[in-house]
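Working notes for the structure below.
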Amino acid sequence: MQQLNLKTEYDVVVIGAGVGGLTAAALLSKAGYSVCVLEKEPHAGGYLAGFRRKHFRFDTAIHWLNQCMPGGMAAKIFDILGSDHPEAVPQKRIRRYKGESYDYLLTDKPDELKEQLISEFPHEREGLERFFKAAKRLGHSFANFGHIFRSEETMTPMERMKNKLNLLKFAMPFIPFIRYTGDEGIKKGLNKFFKDERLHKIFSADTELLSCLVPIGWAYYGDYQSPPKGGGQVIPEWLSHIISYYGNDIFFKCSVKEILLEQGVSKGVRFECRDKEYALKSRYVIAACDVETLYEKMLPANAVPLKFKNKLREADLYSSSVTVSIALDCPTAALGFNEELVHLSSENVSRAEHLSGDPEKSEISILPPSLRDPSLAPEGQGTLVLFMPAFMDFNNHWHTDKDKDGNYVRGAAYNKLKNEIAEVLIRRVEERLAPGLREHILFYDVATPVTHWRYTGNKNGTMMGAKPGRENMQGKVAHYQTPVKNLLLSGHWAELGGGVPIAVKAGANAVLLILKEENKGAFKVLADYMDGKKEAESVLNSPYFKPYDNSWVQAPTPAQKLAMRMQGNDTTKTVAEEEEMEE
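Here it is as structure tokens:
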């Protein structure tokens, strides 16, 4: 059992050990600050925590990674933390569009798809050329994203003016397409390029024109990666190692209940751990957790203006998902899968129905993790993961009740419902893609919006927080500096959108805001690097940042440990001990 060897006081307390919180804690550690990370779960990672079942390892939520390639936004921050960071794997086969009447593959050579479509629809040649050209322009904007990821909250007025010009330059290729959303909007948008309904059907599950274009744009610039070998959880494992290397602390099963205030200034936190209560002093608090929980439950009612809290309550959020993680008795490739993400949609239902949460009609995203990374499953076996968009209010909140604290209480009806939905999804995949799938299933695990809420605390189990849209932008839903002095946000709630690059961006910007107040020299070095004015060496050789010996050693996966035991080379822990550590 982990011992709480707390220091008397820390420079910074970080709430939440997701990638945003861990990135902030690692950077602050490198800058010489004392840091304590408090995580309510028994392991680090948030949506990257992953989980183990028997000898199989599953990622929790990753479909793909962006900005983790050399020069990408996330990779730039990882580069200054340590050269031993896990390497994301570039994807070659990226996305398969599968409907009843079509089956197309997007690869890292998008022009191959373009030429295939032109050969099948020669009368739409001119429009298809323009469509792919527009997508490429969007991809070019994202390719330069690694130089414009400082928050304006860290900038001087003059820097903000220059940044607005850079952001406008970034946004210009997007502007012509923003208004084409919803069923009618996307139809009008696609009609500007091609009118053949058979081409429209390829994008039958998309709800906005940009979501049709952006994946192709990313593909042009190699901005699709699979998780590092060992799965997404190796990223938080590496960040945790760095934090510990500098003598700082990460404590688990610690649930923060209150931000301690003195005259309206954050001075630490009150938290519970194993039924005991603790008060912990700090000069700053970084909340890398659900922002509504922070404002509604951890602060006095008058600490945040009611008008602003109402905007957060009404914010447009990304959906949650039903996730079916399947262990197979055969390699995933034996069922006809390859490395790409498969989007399985139906041409006979509306766009709204594709996102409705109805398992008979919803789009299904299908991932073959062990095909991308064989270390995730024992030899001769495999994993397959099915995702379906889902919402917390489905079927009376998934047939749950609520206790006096507002927690969802699951029972037999909940378990019955989630397994019924999983069975429908498996049947649809078997019928459309993988005949005989069911007979190869060893077991499966089902996560719902309730599951995602339980393990991350994110409102409604949302996978990526608040959407980047007009209302959320006008409401200033995304922010770093809270109404409480020295209380900052990190994680995807500090930004619009989510995923690893946004979480890393948020962690780095939260650190910049502290350095701006505490260490001008360190602030300038890091800000110049994030602005693309200096190379990584300027940070690594700076006297403001401590050296690191690149000493992280990646632990073997459960499947690799099994193979080692079978060869008689591993006597470290029993299977039961390993399962207890990973779950």
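Numbering-wise (this note's numbering), the sequence shown opens with residue 62 and increments by one.
Virtual Cβ for every residue (Gly too), placed ideally from N, Cα, C.
Since we're looking at a predicted model, the values are computed, not measured.
Enclosing beta strand (DSSP E) for residue i [first to last residue]
i: I563; result: Per DSSP, I563 belongs to no beta strand (DSSP E); it is in the alpha helix (DSSP H), 561-579.
i: C273; result: Premise fails: C273 lies in the alpha helix (DSSP H), 270-281, not in any beta strand (DSSP E).
i: E323; result: 315-323
i: T444; result: 443-451
i: E414; result: Note, E414: premise wrong, no beta strand (DSSP E); alpha helix (DSSP H) at 412-415.
i: I76; result: 70-76
Own chain, CB closer than 7 Å to residue i, minus 5 neighbours either side, in chain order
i: Y94; result: D72, V73
i: S212; result: Y541, N570
i: H302; result: W613
Of the listed residues the options, nearest to residue i (C-alpha basis)
i: T461; options: L416, A438, H501, T509; result: T509
i: P608; options: K137, L341, A87, V75; result: A87
i: F312; options: R331, L99, A567, N456; result: L99
i: L573; options: F584, D466, I563; result: F584
i: K318; options: C334, D310, Y306, V326; result: C334
i: E532; options: K372, Q628, Y605; result: K372
i: L416; options: A451, P430, P435; result: A451
i: M449; options: P435, I482, A438; result: I482
i: G143; options: M627, L623, L601; result: L601
i: G81; options: I563, Q621, G629; result: I563
Sequence-distant residues of its chain with Cβ nearer than 6 Å to residue i (five each side left out)
i: Y285; result: W125, Q152, I155, W279
i: K520; result: D351, E353
i: M642; result: Residue confidence for M642 is low, a pLDDT of 35 falling below 50, so the modelled location carries little weight and cannot support an answer.
i: G530; result: D377
i: H726; result: Here the chain has residues from 62 to 644 only, and residue 726 is not among them.
i: T632; result: Confidence is the limiting factor: at T632 the pLDDT is only 48, short of 50, which leaves the residue's position unreliable and the question unanswerable from this model.
i: G133; result: G207
i: L503; result: A388, D390
i: A348; result: I76, L355, L550
i: L281; result: Rather than Leu, the amino acid found at residue 281 in this sequence is Tyr. P171, K197, G200, listed in sequence order.
i: Y339; result: F332
Extent of the continuous alpha helix (DSSP H) run through residue i
i: V511; result: 510-517
i: L89; result: 80-91
i: L601; result: 597-601
i: S431; result: 430-433
i: L498; result: Where L498 is concerned, there is no enclosing alpha helix (DSSP H), given that its DSSP letter is neither H nor E.
i: G243; result: 243-252
Beta-carbon contacts of residue i that lie in its chain and below 8 Å, excluding the five residues immediately before and after
i: A110; result: E102, H104, T121, Q294, P297, Y516
i: P366; result: P544
i: M524; result: Y108, A122, Y379, S380, S381, S382, H513, G559
i: V485; result: P420, E421
i: M130; result: A136, A149, P151, G283, D284, Q286
i: N231; result: In the sequence as displayed, the identity of residue 231 is Phe instead of Asn. For F231, where only same-chain residues beyond five positions count, the Cβ hits under 8 Å are S202, N205, F206, I209.
i: D164; result: R157, Y158
Those residues which DSSP pairs with residue i across a bridge
i: L378; result: A527
i: S287; result: V150
i: Q542; result: L549
i: C97; result: V74, D310
i: F117; result: R114
i: L126; result: Q286
i: S426; result: H404, F448
i: Y475; result: None; Y475 has no bridge partner.
i: G106; result: G79
In chain order, what are the residue ranges of uninterrupted beta strand (DSSP E) at least 3 long that sit wholly in the region 291-372?
Every beta strand (DSSP E) stretch that sits fully inside the region 291-372 and reaches 3 residues is listed by chain position as 310-312, 315-323, 326-334, 337-348.
Ignoring anything shorter than 4 residues, give me the alpha helix (DSSP H) runs that lie fully in the region 142-218, in order along the chain.
Entirely contained in the region 142-218, the alpha helix (DSSP H) runs reaching 4 residues are, in chain order, 171-181, 186-204.
Continuous alpha helix (DSSP H) assignments of at least 4 residues falling wholly in the region 383-423:
If you keep only unbroken alpha helix (DSSP H) runs of at least 4 residues inside the region 383-423, you get 412-415.
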